[in-house]
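Numbering (the working numbering), first residue to last: 2 to 251.
Note that the Cβ used here is the ideal one computed from N, Cα and C, for glycine as well.
Structure representation (structure tokens):
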């Protein structure tokens, strides 16, 4: 392989010369731009105008911040009002569904619940049992000891019933001295055991009024829902009959 040394040297020299020229042009361009930057001046009028714009922007931002803070306060106030309304509504709903004296469900609520369970049984066959509880000789308690004593007996018996049930069981005050219990997914055999447990629990209550001991007892009718009970009326009739049978066993 032969190389023309002269021509190669000439070509390399030209390349080096071009590089120097490019470097020189770049330096000249840089110096020119630096001079332009040095000669750049902002007039006082421009500075004043810029300051006015910046001041206007800062004022606007400050106003927006104040409005935002006011809006946040209003939102927080509305949230407090809404939370208060929620608490009031929850309390009102509770008052509407619970018996004021005993704290268990009132007649309207337990009636509605029982209607729903009857409907579900008719549609799906899902079993449940019901207990109808009557306080024995409650009129005598009221007449002898007064209504305050009667109220105390109602409260204590309601608590005794509730403490004998599962969390899923539904207890309501049906009338003056009557309670009704819905036992979901409970057959007759188990319901009868619960009946005896409640009766024993009530017997152990230690209630005194004016230094006199009151010994309450209850009679309980129990029915397991079946196709013979076509509505609430027939079911309650069966419960009432069984409750009187229980009274007769004393």
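Backbone secondary structure at residue i - three-state DSSP
i	result
residue 110	helix
residue 216	coil
residue 224	strand
residue 205	coil
residue 102	coil
Beta carbon of residue i nearer than 8 angstroms to that of residue j
i	j	result
residue 170	residue 182	yes
residue 137	residue 187	no
residue 134	residue 221	yes
residue 196	residue 244	no
residue 149	residue 202	no
residue 233	residue 115	yes
residue 223	residue 193	yes
residue 280	residue 205	Outside the shown range of the chain (2 to 251) lies residue 280, about which nothing can therefore be said.
residue 151	residue 139	yes
residue 111	residue 173	yes
residue 199	residue 142	no
residue 128	residue 121	no
Span separating the alpha-carbon of residue i from that of residue j
i	j	result
residue 158	residue 177	13 angstroms
residue 175	residue 107	7 angstroms
residue 209	residue 113	35 angstroms
residue 236	residue 215	32 angstroms
residue 144	residue 248	21 angstroms
residue 225	residue 77	53 angstroms
residue 67	residue 84	26 angstroms
residue 97	residue 250	37 angstroms
residue 61	residue 50	17 angstroms
residue 105	residue 160	9 angstroms
residue 191	residue 227	16 angstroms
residue 88	residue 109	22 angstroms
residue 184	residue 213	35 angstroms
residue 80	residue 71	14 angstroms
residue 230	residue 166	24 angstroms
residue 125	residue 117	12 angstroms
residue 238	residue 246	13 angstroms
residue 69	residue 56	20 angstroms
residue 207	residue 217	9 angstroms
residue 63	residue 53	15 angstroms
residue 240	residue 180	12 angstroms
residue 168	residue 211	35 angstroms
Residue burial classification, residue i (beta-carbon count within 10 angstroms, cutoff 16)
i	result
residue 130	buried
residue 75	exposed
residue 101	exposed
residue 2	The predicted position of residue 2 is uncertain, since its pLDDT is 44 and thus under 50; no value can be drawn from it.
residue 65	exposed
residue 46	exposed
residue 277	Residue 277 lies beyond the stretch modelled for the chain, which goes from 2 to 251, so this question has no answer here.
**Whole alpha helix (DSSP H) elements within the stretch 130 to 197, 4-residue minimum** = 139 to 146 and 148 to 164
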